[in-house]
Amino acid sequence: MISRRSFCKKSLLIAGGLAIPFSALELFDPKRLLAEKDQKGARWVFLVDTEKCVGCGFCVQGCKIENEIPYDANVTRTWVERYVVTKDGKTHIDSPKGARDGFKTTEIDIGEGKFEPIRDDDIEKAFFVPKLCNQCDNPPCVQVCPVGATYQTADGVVLVDRQWCIGCGYCIMGCPYGVRFFHPVHHVAEKCNFCYHRITKGMQTACIDACAFGARRIGNLRDPEDPVTKIIMTERVNVLKEEYGTKPQVFYVGFSKEVK
Amino acid sequence: MKSHVWRPLFVVLAIVALVFAARKVLVPSDFGVGERGYMYGWHRPSNEQQWKDVKVKYRTAQHCKECHKDKYDEIKSSPHGNINCENCHGPGLGHPEDPKALDIDRSRELCTRCHLKLKYHGSGREKIRGIDPARHNPGLECVTCHWPHDPRKEGHNK
Numbered sequence: 052m053i054s055r056r057s058f059c060k061k062s063l064l065i066a067g068g069l070a071i072p073f074s075a076l077e078l079f080d081p082k083r084l085l086a087e088k089d090q091k092g093a094r095w096v097f098l099v100d101t102e103k104c105v106g107c108g109f110c111v112q113g114c115k116i117e118n119e120i121p122y123d124a125n126v127t128r129t130w131v132e133r134y135v136v137t138k139d140g141k142t143h144i145d146s147p148k149g150a151r152d153g154f155k156t157t158e159i160d161i162g163e164g165k166f167e168p169i170r171d172d173d174i175e176k177a178f179f180v181p182k183l184c185n186q187c188d189n190p191p192c193v194q195v196c197p198v199g200a201t202y203q204t205a206d207g208v209v210l211v212d213r214q215w216c217i218g219c220g221y222c223i224m225g226c227p228y229g230v231r232f233f234h235p236v237h238h239v240a241e242k243c244n245f246c247y248h249r250i251t252k253g254m255q256t257a258c259i260d261a262c263a264f265g266a267r268r269i270g271n272l273r274d275p276e277d278p279v280t281k282i283i284m285t286e287r288v289n290v291l292k293e294e295y296g297t298k299p300q301v302f303y304v305g306f307s308k309e310v311k
Numbered sequence: 103m104k105s106h107v108w109r110p111l112f113v114v115l116a117i118v119a120l121v122f123a124a125r126k127v128l129v130p131s132d133f134g135v136g137e138r139g140y141m142y143g144w145h146r147p148s149n150e151q152q153w154k155d156v157k158v159k160y161r162t163a164q165h166c167k168e169c170h171k172d173k174y175d176e177i178k179s180s181p182h183g184n185i186n187c188e189n190c191h192g193p194g195l196g197h198p199e200d201p202k203a204l205d206i207d208r209s210r211e212l213c214t215r216c217h218l219k220l221k222y223h224g225s226g227r228e229k230i231r232g233i234d235p236a237r238h239n240p241g242l243e244c245v246t247c248h249w250p251h252d253p254r255k256e257g258h259n260k
């Protein structure tokens, strides 16, 4: 018969003994410590200056053609939103076709082919906000993928494996920024990937090349000398939906509280 | 013990073996945990290369400059110098091998992307000279009177 004292001692010993190897592995993995110490390569981040954006939509057009998103399908990897705040305190937001053709009228597109006219004198302030994938540090879209078809690369870009995606749509539901959609041709999840084929060749993204006003810029956060990194570190920038804890890596200059 | 007790165990073992065999065949050999760890890194590394191999369609103004230096210099020294060639001329992929590959957009809608007057206090749009397309010579192409490579000049043929 085992005594209570020795039972307690032995069970504690076993529990502790089982815990040690796991914690030891976690604490003293030299490979991992080394990898975290000197991270090489880039960490791509984006900087959007909403004060410079004029809403021409050339970025959307360039993105759709560069990345072969069917031109007339109402889906796009990046889009531009128009915010018109009127003197009665209302905020009017639209983005017809993602602003692929810019904004053709002063009227606000309220959907179903209807437009709401706004008089110039009623406008308190108005501005444009380009949106694209935030390449979050905690990407919820990657976490929910049941098959490992979407993932984050070492340089921070979230990609989708078109051959491996089963089209369940969890990631499209999971993204709080609504940047994902089904590709009308490939029938898999699709998203902005900072033009991965261009940035890895040392080029700019298609939307940056298309922007005539310098409203969009890309940078490497691991390079302290990078001009974009300097702005993010030393100037007043903001991110979208910080409260979700996704750690978005697209930074905005000239943010307004109306922006959602 | 009797065999009817063991039999279900064999069935279960066979199913497990089948799952492992199927996994071996179906899952790509390089599939595994990448640099971003268990939560964000599960993937097929060869897919990264597939994305890098996507064809570049917009070849940038620097590419156009190699042959059309005169045009490049003209626009870059004009008030339109901030606009890149391919915004209006279309992506340069396939040019100059196939001259028809370039699809030049001369429409009014292209110009009004920026030059439709929007009195938006707080955005750069306010500072751009704009028109009301319904009143400013409707039906005429802008290039009839304005030379896009240098808006200070007049007419399509300068």
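Taken in sequence, the protein lines are chains A and B.
Count along the first sequence starting at 1, add 51, and that's the number in this note's numbering.
Count along the second sequence starting at 1, add 102, and that's the number in this note's numbering.
Idealized CB from N, CA, C, for every residue including glycine.
Since this is a predicted model, take the numbers as computed values, not measurements.
- Pairing A:Phe178 with A:Cys104, the inter-Cα distance amounts to about 8 Å.
- Neighbours of A:Trp215 in chain B, taken as residues whose beta carbon is under 9 Å from its own, are Pro130, Phe133, His145, Arg146, Asn149 in chain order.
- Going by DSSP, A:Lys176 is part of the beta strand (DSSP E) stretching over 174–182.
- In the DSSP assignment, A:Gly225 falls within the alpha helix (DSSP H) that extends over 221–225.
- Distance from A:Thr297 to A:Pro197 at the Cβ level is roughly 19 Å; contact not present, criterion being Cβ atoms closer than 8 Å.
- For B:Glu188, the enclosing alpha helix (DSSP H) covers residues 187–191.
- Using a Cβ-Cβ distance cut-off of 8 Å, the region 235–251 of chain B and the region 175–187 of chain B are in contact, since at least three pairs of beta carbons, one from each stretch, lie closer than that value.
- B:Leu111 counts as exposed, since fewer than 16 other C-beta atoms from the protein chains shown sit within 10 angstroms of its C-beta.
- Taken through DSSP and simplified to helix, strand or coil, B:Arg254 comes out as coil.
- By the CB criterion at 8 Å, A:Gly153 and A:Gly106 fall inside the cutoff.
- Beta bridge pairing from DSSP links B:Tyr160 with no other residue.
- In the three-state reduction of the DSSP assignment, A:Glu163 falls in the coil class.
- CA-CA distance, A:Met254 to B:Val127, rounds to 38 Å.
- Residue environment for B:Cys247: exposed (fewer than 16 other C-beta atoms within 10 angstroms of its C-beta).
- Closer than 8 Å to the CB of B:His170 there is not a single CB belonging to chain A.
- Taking a 10 Å sphere around the C-beta of A:Gln112, we find 16 or more other C-beta atoms and assign the residue as buried.
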